[in-house]
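S.K.: Numbering (mature numbering (1 follows the signal peptide of the UniProt record, and there is no 0)), first residue to last: -27 to -1, 1 to 51. Ideal Cβ placement from N, Cα and C applies to all residues, glycine included. Please read these numbers as outputs of a predicted model, since none were measured by experiment.
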């Protein structure tokens, strides 16, 4: 079995990043925002992230901003 060297690891990360960016560029992005009292600006609040993924799928991205949860997801996957 081939050892996973740092160079191989870098190439793998680069490949995954390029594939992900390509899929995001080709797809429409959507956003929903809801009130979350426990959400502080600049942090990745666990409840916000989990709820975002539960509602909109694994690739959905949740972010907290002054008691608001911003959830970004791909519209084309629904």
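Does the distance from the CB of residue 21 to the CB of residue 40 come in under 7 angstroms?
M.R.: Stepping through the chain shown from its first residue, residue 21 is reached at position 48. Stepping through the chain shown from its first residue, residue 40 is reached at position 67. Not in contact: residue 21 and residue 40 (Cβ atoms no closer than 7 angstroms).
S.K.: Between which residues of its own chain and residue 3 is the CB-CB distance below 6 angstroms, once the five residues before and five after are set aside?
M.R.: Along the chain shown, one-based indexing puts residue 3 at 30. Closer than 6 angstroms at Cβ, skipping near neighbours: 46 and 48.
S.K.: For residue 42, tell me which candidate among 30, 32 and 19 has the shortest Cα-Cα distance.
M.R.: Your numbering for residue 42 matches position 69 in the chain shown. Among 30, 32 and 19, the Cα nearest to that of residue 42 belongs to 19.
S.K.: In angstroms with no decimal places, state the Cα-to-Cα distance between residue 28 and residue -22.
M.R.: Counting from one through the chain shown, the residue named residue 28 turns up at place 55. Counting from one through the chain shown, the residue named residue -22 turns up at place 6. The alpha-carbon atoms of residue 28 and residue -22 are separated by roughly 36 angstroms.
S.K.: If you count every other CB in all the chains shown that lies within 10 Å of the CB of residue 8, and 16 or more means buried, which is it?
M.R.: Against the chain shown, residue 8 aligns to sequence position 35. Result: exposed.
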